[in-house]
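Basically the working numbering = 1-based index in the sequence shown + 10.
Don't be surprised by glycine CBs; every beta carbon is placed ideally from N, CA and C.
Predicted model, so just to flag it, every value in this text is computed and none were measured.
Here the structure comes first, spelled out in structure tokens, and everything after it is commentary.
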Amino acid sequence: MTPRIVSLAALTVLELAPPEMVEVAARAGYQGVGLRLIPATAEEHHFPLLSDTGLLRQTRDRVRDTGLQVVDIEILRLRPETRVADDFVRVLEIGAELGASEVLVAGNDDDENRTIDNFAALCELARSYGLHPHLEFMPWTGVKNLSQASRIVGAVRAAGHDHACLLVDAFHLSRSASRLEDLAKVPREWMRYVQLCDVAGPIPDDMDEILREARSERLFPGDGDIDLRGMLAVLPVDVPLSLEIPTQRLRDQGVSARERARMALDRTRRLLDQ
């Protein structure tokens, strides 16, 4: 066993309503959860925590009763048309109400300067809620790799937003061809949690295939080809790990969300013990 917080990400068990997800995580042995307040895509099945006050109350009560920590909320997208205060204040209010400390942010804008401005504005807004925005790089977005994300976060922190953070997802680290040597250079205080999973095979030539893998065909830690030991070796030893591991194949085979969550945690503990 390890004192490191391990959290269950929403994408791993996306079919579960938030109160059920919290219960599954607690029974499996997780210390935390990540809650998806905004759907990642228009097609995604979603539970409306922002608008359903009954669902929010049930989720808050289940978090309290289980003693789990809400590690992060997701997913805020910075787009060309984004108006930070108008678009995100309700999300941050709910995140604070649930006791979250981290916010997952995607940069869906090819204009890097505008992304810097919007991320800075988000950091300023989030400060009053005690939340730390984490910019996540994904190869199909406007923030494509570790180098670019580091540049943006560095610029925002240099402007006085010292709670601006960078989110490293093992999948995106691999599929963006980012390097562990560069990850080792990222200041540790920039990373308050990371996302863990695995994936097999070379980087696909087709971005649509990378996107498909990301959303439905990741592997449990140790079952793929990512150098997860090397990744963990250059990260803070106590950084919380969010297990974001969608496995559509197992779901199609009838493996329950509870069992998939347990399998993800077991594989992660095995990796940490090594």
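Look at the Cβ atom of E134, then the Cβ atom of L177, and state whether they are nearer than 9 Å.
-> In the sequence shown, residue 134 corresponds to position 124, counting from 1. In the sequence shown, residue 177 corresponds to position 167, counting from 1. Not closer than 9 Å, so no.
G42 classed as buried or exposed, judged by whether at least 16 other C-beta atoms fall within 10 angstroms = Along the sequence shown, read from residue 1 onward, the residue named residue 42 stands at position 32. Buried is the call here.
Could you give the C-beta distance for D233 and D208, rounded to a whole number, given that I count them as a contact under 8 Å?
-> Position 223 of the sequence shown, counted from the start, is the residue given in the question as residue 233. Position 198 of the sequence shown, counted from the start, is the residue given in the question as residue 208. About 5 Å separates the two Cβ atoms, so the contact holds.
Across which residues does DSSP place T76 in a beta bridge pair?
-> The residue given as residue 76 occupies position 66 in the sequence shown. T76 pairs with nothing; no bridge assigned.
For V16, write down the residues that DSSP places opposite it in a beta bridge.
-> Translated into positions along the sequence shown, residue 16 becomes position 6. The partner list for V16 (beta bridge, DSSP) reads L251.
Helix, strand or coil for T63, going by three-state DSSP, please let me know.
-> In the sequence shown, residue 63 corresponds to position 53, counting from 1. It is helical.
List the endpoints of the continuous beta strand (DSSP E) containing V204.
-> Within the sequence shown, the letter at position 194 stands for residue 204. Where V204 is concerned, the enclosing beta strand (DSSP E) stretches over V204 to L206.
Residues near D192 by beta carbon distance below 8 Å, same chain, minus five either side = The residue labelled residue 192 in the question sits at position 182 within the sequence shown. These residues qualify, in order along the chain: L156, S157 and S160.
Residues that DSSP places opposite L141 in a beta bridge = One-based indexing of the sequence shown puts residue 141 at position 131. Residue pairing from DSSP leaves L141 without any beta-bridge partner.
Cα-Cα separation between P90 and D119, rounded to whole angstroms = Numbered from its first residue, the sequence shown carries residue 90 at position 80. Numbered from its first residue, the sequence shown carries residue 119 at position 109. Rounded to whole angstroms, P90 to D119 spans 6 Å at the Cα level.
Reference P246; option with closest CA among V196, L132, G77 and L21 = Within the sequence shown, the letter at position 236 stands for residue 246. The option with the nearest alpha carbon to P246 is V196.
Limits of the beta strand (DSSP E) - the one that R46 falls within | The count along the sequence shown starts at 1 and reaches residue 46 at position 36. Counting along the chain, the beta strand (DSSP E) containing R46 begins and ends at G42 to R46.
Sequence ranges, beta strand (DSSP E) only - wholly within the segment 100-177, length at least 3 | Those beta strand (DSSP E) runs which fall completely within the segment 100-177 and span 3+ residues are 112-117, 142-146 and 175-177.
Tell me the DSSP bridge mates of I236?
-> Residue numbering aside, residue 236 sits at position 226 when the sequence shown is read from its first letter. Per DSSP, none; premise fails for I236.
Outcome for I220 when other beta-carbon atoms lying within 10 angstroms are tallied against a minimum of 16 | Counted from its first residue, the sequence shown places residue 220 at position 210. With 16 or more Cβ atoms within 10 Å of its Cβ, I220 is classed as buried.
Under 8 Å Cβ to Cβ from A110, same chain only, skipping five residues before and after it: list those, please.
-> Sequence index remark: in the sequence shown, residue 110 carries index 100 (1-based). For A110, where only same-chain residues beyond five positions count, the Cβ hits under 8 Å are L45, V80, V81, D82, I83 and L141.
R93 to Q284, Cα distance in whole Å?
-> As a first step, residue 93 is located in the sequence shown; it is residue number 83 there, counting from the start. As a first step, residue 284 is located in the sequence shown; it is residue number 274 there, counting from the start. Rounded to whole angstroms, R93 to Q284 spans 46 Å at the Cα level.
Have a look at Q258 and D172 and give me their C-alpha separation to the nearest angstrom.
-> Your numbering for residue 258 matches position 248 in the sequence shown. Your numbering for residue 172 matches position 162 in the sequence shown. Between the C-alpha atoms of Q258 and D172 there is a straight-line separation of about 38 Å.
Please report how far the alpha carbon of T76 lies from the alpha carbon of R268, in whole angstroms.
-> What you label residue 76 is simply residue 66 of the sequence shown in a count that begins at 1. What you label residue 268 is simply residue 258 of the sequence shown in a count that begins at 1. Looking at the two C-alpha atoms, the distance is approximately 16 Å.
Per-residue DSSP class, three states only, for V81 | As a position in the sequence shown, residue 81 is number 71, starting the count at 1. Three-state result, V81: strand.
Burial state of E103, where buried means 16 or more other Cβ atoms lie within 10 Å | Position 93 of the sequence shown, counting from 1, holds the residue named residue 103. Per the 10 Å Cβ criterion, exposed.
For L47 versus G105, is the C-beta distance shorter than 9 Å?
-> Taking the sequence shown and counting its residues from 1, one reaches residue 47 at position 37. Taking the sequence shown and counting its residues from 1, one reaches residue 105 at position 95. Closer than 9 Å, so yes.
Could you spell out where the alpha helix (DSSP H) holding Q258 opens and where it closes?
-> Position 248 of the sequence shown, counted from the first residue, corresponds to residue 258. From DSSP, the alpha helix (DSSP H) with Q258 extends over Q258 to D262.
Cβ of A116 within 9 Å of Cβ of L88?
-> Counted from its first residue, the sequence shown places residue 116 at position 106. Counted from its first residue, the sequence shown places residue 88 at position 78. For A116 and L88, yes; Cβs fall inside 9 Å.
Could you check what DSSP says for E54 in three-state terms: helix, strand or coil?
-> Residue mapping note: residue 54 aligns to position 44 of the sequence shown, counting from 1. DSSP places E54 in coil when its eight states are reduced to three.
Tell me which same chain residues have a C-beta within less than 7 Å of the C-beta of M273, skipping the five on either side of it?
-> Translated into positions along the sequence shown, residue 273 becomes position 263. Cβ neighbours of M273 beyond the five flanking positions: F230.
Could you check which residue in S138, F129, A169 and L242 has the C-alpha nearest to that of L183?
-> Start at 1 with the first residue of the sequence shown, and residue 183 comes out as number 173. Comparing Cα-Cα distances from L183 to each of S138, F129, A169 and L242, the minimum goes to L242.
Who are the near neighbours of T12 in its chain, counting only those whose CB is closer than 6 Å to its CB and skipping five residues on each side?
-> Taking the first residue of the sequence shown as 1, we reach residue 12 at position 2. Since pLDDT at T12 reaches only 46, below the 50 mark, its modelled position is unreliable, and the value read off the structure follows with that caveat. Excluding residues within five positions, the ones whose Cβ falls inside 6 Å are L282.
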